[in-house]
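Whatever position you read off the sequence shown (first residue = 1), add 101 for this note's numbering.
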Amino acid sequence: MSNNYFIIHGSYGNPYKNWIPWLKKQLSKRKLNCIVPSFPTPYKQDYESWSKILKAYFEIGYITENTTFITHSLGGIFVIKFLLENKIKVKKIITIAGFNNLEFEDDMNLYKSFYLDKDLSDIKLYSLERISLYSNNDPYVPQNDAENFADSILSGKILVNGSGHFNEKYGYTEFTELLKYV
Numbered sequence: 102m103s104n105n106y107f108i109i110h111g112s113y114g115n116p117y118k119n120w121i122p123w124l125k126k127q128l129s130k131r132k133l134n135c136i137v138p139s140f141p142t143p144y145k146q147d148y149e150s151w152s153k154i155l156k157a158y159f160e161i162g163y164i165t166e167n168t169t170f171i172t173h174s175l176g177g178i179f180v181i182k183f184l185l186e187n188k189i190k191v192k193k194i195i196t197i198a199g200f201n202n203l204e205f206e207d208d209m210n211l212y213k214s215f216y217l218d219k220d221l222s223d224i225k226l227y228s229l230e231r232i233s234l235y236s237n238n239d240p241y242v243p244q245n246d247a248e249n250f251a252d253s254i255l256s257g258k259i260l261v262n263g264s265g266h267f268n269e270k271y272g273y274t275e276f277t278e279l280l281k282y283v
């Protein structure tokens, strides 16, 4: 169970939306172990409830130094905070439309507990590689904020033009470009 791939959805997401089912299938075809936890959202969406779920995977040995996290939206800062707080080392983190400390028009209580108001560069101690994919027309995460987030976690930056929020609304039921980085 050492080479696990976790796909972490974002706010209002689940394991069955957007490109997540397609990616899980692609990784399974490659004989890779892929885990897609379901986190409560929007009801009971907070860092504490999400981290309890991820901690259970860690405690049974599914999160190791060979684990790769592939995150969408809020999932990015969630995983960064989880690894920093628990001092857990992993192989790679891929963030898609990642952000930290953004203000949204819906209930800010859905996001605040995930945010970190500190230097995130220590994530380099807990992840060998970080890659951030983001778009120039994301209606939720402006390109500048996505780039600042990538810089804050010392991540490689990949701009995918015209991809919106990388969700079904923008045609993302598959995400072939992502396979290059997994």
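Where is the CB? At the ideal position from N, CA and C, for every residue including glycine.
Can you tell which of the options has its C-alpha closest to the C-alpha of residue i?
i    : options             : result
S253 : P116, S152 and R231 : R231
H110 : L260, G199 and K153 : G199
D207 : E160, A247 and Y241 : Y241
Please classify residue i as buried or exposed, where buried requires at least 16 neighbouring CB atoms within 10 angstroms.
i    : result
G114 : buried
A157 : exposed
K126 : exposed
G177 : buried
Hey, could you find the ends of the beta strand (DSSP E) residue i is sitting in?
i    : result
V191 : V191 to I197
Y106 : N105 to I109
K258 : G257 to L260
L144 : The question names Leu, yet the displayed sequence has Tyr at residue 144. Y144 -> no beta strand (DSSP E), and no H or E assigned at all.
S253 : Run containing S253: none in the beta strand (DSSP E); it sits in the alpha helix (DSSP H), Q244 to S253.
E269 : No beta strand (DSSP E) holds E269; DSSP gives it neither H nor E.
Could you tell me the alpha carbon to alpha carbon distance between residue i and residue j, rounded to whole angstroms?
i    : j    : result
K193 : D218 : 23 Å
Y273 : T169 : 21 Å
Y117 : V261 : 23 Å
E160 : W151 : 15 Å
Ends of the alpha helix (DSSP H) at residue i?
i    : result
N134 : Not the alpha helix (DSSP H): N134 falls in the beta strand (DSSP E), residues N134 to I136.
Among the residues of its own chain, which have a CB less than 7 Å from the CB of residue i, if the five just before and after it don't count?
i    : result
D108 : As written in the sequence, residue 108 is Ile, which differs from the Asp given in the question. Excluding residues within five positions, the ones whose Cβ falls inside 7 Å are I121, L124, K125, C135, V137 and I171.
K182 : Y148, F215 and L217
L175 : G111, S112, Y212 and F215
Suppose the cutoff is 6 Å on Cβ atoms and the five residues either side in sequence are ignored; what does the same chain contact list for residue i look like?
i    : result
E166 : K190
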